[in-house]
Every structure is written in structure tokens, then in C-alpha cells.
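Undergrad:
Chains as they are written, first to last, in the working numbering: chain W, 5 to 456; chain U, 118 to 346.
(1) Rounded to a whole number of angstroms, what is the C-alpha to C-alpha distance between residue 128 of chain U and residue 224 of chain W?
(2) Return helix, strand or coil for residue 314 of chain U, following the three-state DSSP convention.
(3) Exposed or buried, what is residue 321 of chain W when buried is set at 16 or more other beta-carbons lying within 10 Å of its beta-carbon?
(4) For residue 282 of chain W, which residues in chain U fall below 8 Å Cβ to Cβ?
(5) Locate the beta strand (DSSP E) running through residue 150 of chain U, then write down its first and last residues.
(6) Under 8 Å, CB to CB, which of the residues in the region 167-191 of chain U have a partner in chain W?
(7) Could you confirm whether any beta carbon from chain W is found closer than 7 Å to the beta carbon of residue 159 of chain U?
(8) Kindly list the residues whose CB is nearer than 7 Å to the CB of residue 167 of chain U, restricted to its own chain and excluding five residues on each side of it in sequence; keep chain order.
(9) Using a C-beta to C-beta distance shorter than 8 Å, which residues of chain U count as neighbours of residue 335 of chain W?
(10) Quick check: residue 275 of chain W and residue 263 of chain W, are their CB atoms within less than 7 Å of each other?
(11) Which residues, in chain order, does the region 78-107 of chain W contribute to contact with chain U at a C-beta distance below 7 Å?
(12) Short of 7 Å Cβ to Cβ, which residues in the region 213-230 of chain W face chain U?
(13) 7 Å is my cut-off, CB to CB: does residue 135 of chain U come that close to chain W?
(14) Hey, could you find the ends of the alpha helix (DSSP H) residue 37 of chain W is sitting in?
(15) According to DSSP, is residue 281 of chain U part of a helix, a strand, or is it coil?
(16) Once DSSP output is grouped into helix, strand and coil, what is the label at residue 17 of chain W?
(17) Is the shortest distance between the beta-carbon of residue 338 of chain W and the beta-carbons of chain U less than 7 Å?
(18) Give the residues from the region 297-313 of chain U that approach chain W closer than 9 Å (Cβ to any Cβ), ordered along the chain.
(19) Using the C-alpha atoms, what's the distance from residue 188 of chain U back to residue 452 of chain W?
(20) Excluding sequence positions up to five away, which residues of its chain have a Cβ less than 6 Å from the Cβ of residue 140 of chain W?
(21) Short of 8 Å in beta carbon distance, which residues of its chain neighbour residue 449 of chain W, apart from the five on each side in sequence? Order them along the chain.
(22) When DSSP builds the beta bridges, which residues end up paired with residue 76 of chain W?
(23) Are three or more beta carbon pairs between the region 84-101 of chain W and the region 110-123 of chain W nearer than 8 Å?
(24) Establish whether the CB of residue 285 of chain U and some CB of chain W are separated by less than 7 Å.
(25) Tell me, please, whether the CB atom of residue 404 of chain W is closer than 7 Å to any CB atom in chain U?
(26) Under a Cβ-count criterion, where at least 16 other Cβ atoms within 10 Å of its own Cβ denotes burial, should residue 328 of chain U be classed as buried or exposed?
(27) What span of residues does the alpha helix (DSSP H) with residue 340 of chain U cover, start to end?
(28) Please compile the residues from chain W whose C-beta is within a distance smaller than 7 Å of the C-beta of residue 140 of chain U.
(29) Give me the Cα-Cα distance between residue 222 of chain U and residue 147 of chain U, rounded to the nearest whole angstrom.
(30) Which complete beta strand (DSSP E) runs does the region 82-127 of chain W hold, if anything under 3 residues is left out?
(31) Residues in its own chain within less than 8 Å of residue 182 of chain W by CB, not counting five upstream and five downstream?
(32) Quick check on residue 424 of chain W: does DSSP put it in helix, strand or coil?
(33) Below 8 Å on the Cβ atoms is my contact criterion, and I expect residue 5 of chain W with residue 202 of chain W to pass it. Report the Cβ-Cβ distance as a whole number of Å.
(34) Counting only the same chain and skipping the five closest in sequence on each side, list residues whose C-beta sits under 7 Å from that of residue 48 of chain W.
(35) Is the beta carbon of residue 242 of chain U less than 7 Å from the beta carbon of residue 294 of chain U?
(36) Just mark residue 194 of chain U as buried or exposed, buried being the case when its beta carbon has 16 or more other beta carbons within 10 Å.
Here it is, written out as C-alpha cells:
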């Protein structure tokens, strides 16, 4: 039940551009799987691009590693390249390796396979054996992997030392950050592509989990398992762990560690809060009562699962814990203060900042402001002399202070990294006056008939 | 919701994570905009792909064939002024208004809700065993002035001007885990108005203690600006 796409590495929204491509390649109007099958059947096909609009592909004799070829962003295309050509590790003994390493383990330059000098040999390059240039290859199935004859007349041949995919990138912690290209499980089963729902249906659609890097059919750990795993192409085995070497250093790379407040999702929170937001004491992580769970401290060494402290070992929204209340399995610790993610403030403003004339030009998140003259003026603010450059201003009398249009398309406007000069800004409140509402806030309240 | 009764709150939104689990509440202020609280989200530029807003159902886990349920992906998040703790969530497409789905009004800018105004909170949060699991629950409260609210704390100012208080109740009644971000809706001139947003506080539905919410009227100008842009 393997897909022909399993032999390919996809680069989304990208196309392969050859400097001297010309107009030679034919477009094939086919499904992406058929394109993969056709490319796999052709010896000189190394990749194909897939046009998402026209639903057609072009079979290409090059990859990103070829001369005069570059990868370019293009939202209309996905590029699929044969893994053997782009992976920088080897599977098994590396017979299928088609990468471009051309130096030996000890740094000697490889001899071109077509040359018989300085070392004479029996191998002749052909379309089948991939003995191109002077790249490391394994034409004799040497168990130690790819090798080459060297240009040093005193050293006939040497191993290239290309690592096996199981060892090329090691695991820190539970391997949530693993981005390597191993695509087999510990029992040797081939992994199912994350973007396919066959043979196993699953919730881990890569589009839904962009931060988990669910690339191709590579081993990953999107659900805080003990280590990376994958669904298998064997219909009888849903999922299995992958066997990947562990790193010597064990620490989380991508989280900010703090103990007084929490940043992001709080995976780096190492404080001593032991109650949930509603005040229920937390269960100890090393205990299985009242709630049985998988987050045993010895299996999750980097998650800080000490005592009964609130932690976030699974990428939830915030630090949490299992509670000591048998009726409530887990609860968040939202009472922990969130670390301010504002940038350092520049100067201060009085009142609501309408008179601010300083030169702060970044938002509180550090996003650069757009020039006032470049904006489409969505708020129809009359032009004024004070709207200079891209400085933070308050031309609409916003009660929350100076602001600006930002350069981030996801944040049309935001407040600036400026604080009120007089500390806490005074809030003026208004008593009820004439209030009128339109159609909002209406609902049908039905009387509940109490039957017997 | 601790205490309270099953009820109808057509502007109350259930926010769902990538696993489809309810994690916080929200209020529908426009067909494609929901207000909630910052504490429910990892950051002001959190990647919310896979997150959804669910409206039109009374059930925590509605069946796939629930005719009234609408589930729309959340496409963006905007954080409110730093002291507000509010967020606005942009929906990928507008929801359809009907008898089960309605907008809640916004209060006038900087409006103070008069004490004794009748209000209600709604949510699918934890009930702490008080019953009616799995359905939307509501609880009624009466507004209390901030000055009076502050008399309940001897040591420090309990509420700030950008917060709103409700009168203590003699029974265990109030918001709990999963209700945060939801509405404190008050009836004014025959319209339900979003006067407050439920924020995480220590304890659930404590009796004889006032409840504190973010006062929405202070941030109406920001809300309007976000929707306008």
C-alpha cells in the first residue's frame, strides 16, 4: 500500500528553475501520484514539478543540487525531488545514494568515476549505476556505505563517512524538534506520508499542524510521544516508533525558560505553581493516582516534571496539571502570570498621546511601522503635519495611546512601545445617557414547559 | 460553570483547538469577529490554523448532524491594548445568524453599567460536579460598583477601572475552567450587551465573593478600529 510519492521529497509552493531550461519539457495532465509513478519509471527523471492550478506536471532530469538550478518560491507549484538525490544521509548501505558529497571521511578529494587515473578500476558510469562526476557511491554494496577512489595516488579508495539517516541527526529530549529524513520505523516498516490518509486515517494533516513539520513520510513527534514515530504503510500496523540515535546534550532548544511567568505556551515554565486556576491542588507527575497518565518524569527528561508543579509537556495552550480531584482529570494554571511580550518602551506620552511628537517607530511587539504616506488610510484620518515618517502618533484620539499602521500584513495596526509618562493612565467613565442598539443582542427566550 | 442552569446564549462561542476540544469561550460581536481573553492563547501572533469557533449548538460535543451547529476556522488573532487582556479573533468566513446564533451588542464607549443591572455569564466550562455536564450553562448576577467591590478586599485594590464586578452570591456559582473568554452579558434597553469578558481568577464560583471581569466599554474604540481595518 505504499504510495509512489514515498520516494519523493516535497517542497511546497516552490519550483525548480534551470538557467538554460529552454522550452523542452512536456506538461502531463495527470494526478500527482501518476506523475510520481511515471518519473520513477524513467531513469533520467530526477524530479517533477506539479502545477496546482492546471493539475499537471513536468518531469525533470535535474534536482536542486544540479548545476544552474535554483529553487524559487512559486505558490502555483510543488516540487517533488527523488529522495536519493536530495537526502544527505543514507538508508541501509547507501547503494541508492545519489547525493553530491565528493570528499572522503578523511578529506581526500574523490577521483572522477570516468577516469582511470590515478587509480585504475572496473567501474564505468552508466544511467543505471549513478556513477556521476566524482560523487561518493556504493556500486559494490559495501556494508560501510558510499566510498570513492581518491585523487591521492597513495590512497586508492576511502569511505566517505556519510551517516545513516538513523544517526545523521540525533534526538534531544523526546524528539519534538526532530527534522531529519528517516522514513522507516524501528522494525523496518516504511512510513506513510503525513499528507495521505491511506492505509491509515489520521488527524495529523500537515496543513493543520504547520509548526510540527510533518514533511513527506519522515518520522516525527507531533503528539508529545516518547520519541518520533510514524503511521506505517503496512495496513496491519497503524503506527510505530522510529529508532533514532539520542544526542548527548538533552535540553529543549525552542522554549524560553522562566520561573516567575510564562511565555508562549509555557513549555519553558519552571516555576512552582501547584494549583490549577480554580485552586485545585495538582497531582504529582510521578504518581499515577488519582489519574493514570503517560507523562512519567523519567520518560520526559526535559519537561521539568518535578513534584506537582504546573507544566506544559504536550504543547497545550498553557501550563497545566493533572488534578488531585478524581472527577477532574486535568486543568490549566491560567493564574500564572504571562510574561510581557512587549518590547522595551521608548520615551513616554501624556494624556492619550495626541500630542506625542517623539520618534518611536515600532509597535509594542517590535514590528516596524509603515510610513503614514504609504498607508491606504483605512480610518480616513485627515492629513496633518504631525504625521511624519513612520513615527507613532495618535491622530484619531485613540484612548489607548499612540499607534501606527504596521508592516506586518497580519497586524494592520498596533500600539507602540511607549508608556504613559504619568504611570497608570486615568480612565474616564461615562454614566448612562441615551443608549440605542440596533439588531444585536436579541434572542428568543422560550419558556421551558415542564412535563411530567 | 459551577452552579447555573442549562440556557440559551446565542452569542457565546466555543473555541476549539486542533484536536477539536473546547478550551475557552468567546462572544460573537460581528458575523466574523469573536472577542475572547488573551490568556487562552499562546501569543499575539499565534498560528491558529486548525483552530475553530463553534456556534449554534448547546452541546459541548455536538453530533456531526447537529443541524444548528456552525464551525468556522479562526484565521487571525489581534491582541488588545496591553492592559486589556482582550483578543479579537477573525473568522475565516462569516457565520449565519439565526435563532441559535446572534450578535451581542457592544456598550457605548467608557459606559459604566449601573449597579444592580441584571447580567449573565455563559459557558461550557467545568461544572465541578454541579450537574448538567455537556451542555451550555448560564448563571445570573447583578452588577456592583467598583467602589463597593473594593470594600471586599482589605489589603489591596480588588478591581481596576478597566474591570467590572458582580455582586457576591450566597451559593457556589460562577465561571470555571473552559468558561474563560466568554461573555458577561447585561440587559440594557431590551438588548443584551457585552459588558464584560470572563477572565481567569483563583477559584470557581466562590460563594460570598464578588466576581471580576474585563470591562469591555473601555476597549470599544479598539474593537471598532480592529473591525474597521
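Quick reminder that beta carbons are idealized off the backbone N, C-alpha and C, glycines included. In this text the structure is predicted, and so the values were computed from the model without any measurement.
TA: This is what the structure holds:
(1) 39 Å
(2) strand
(3) buried
(4) 243, 245, 293, 294, 319, 320, 321
(5) 150-154
(6) 167
(7) yes
(8) 135
(9) 243, 294
(10) yes
(11) none
(12) 213, 214, 215
(13) yes
(14) 36-45
(15) strand
(16) coil
(17) yes
(18) 297, 302, 304, 305, 306, 307, 308, 309, 310, 311
(19) With a pLDDT of 48 at residue 452 of chain W, under the threshold of 50, the modelled position of this residue cannot be trusted, and the question is left open.
(20) 105, 150, 152, 164
(21) none
(22) W:19
(23) no
(24) no
(25) yes
(26) buried
(27) 337-345
(28) 321
(29) 9 Å
(30) none
(31) 173, 175, 223, 224, 225, 232, 248
(32) strand
(33) 7 Å
(34) 65, 131
(35) yes
(36) buried
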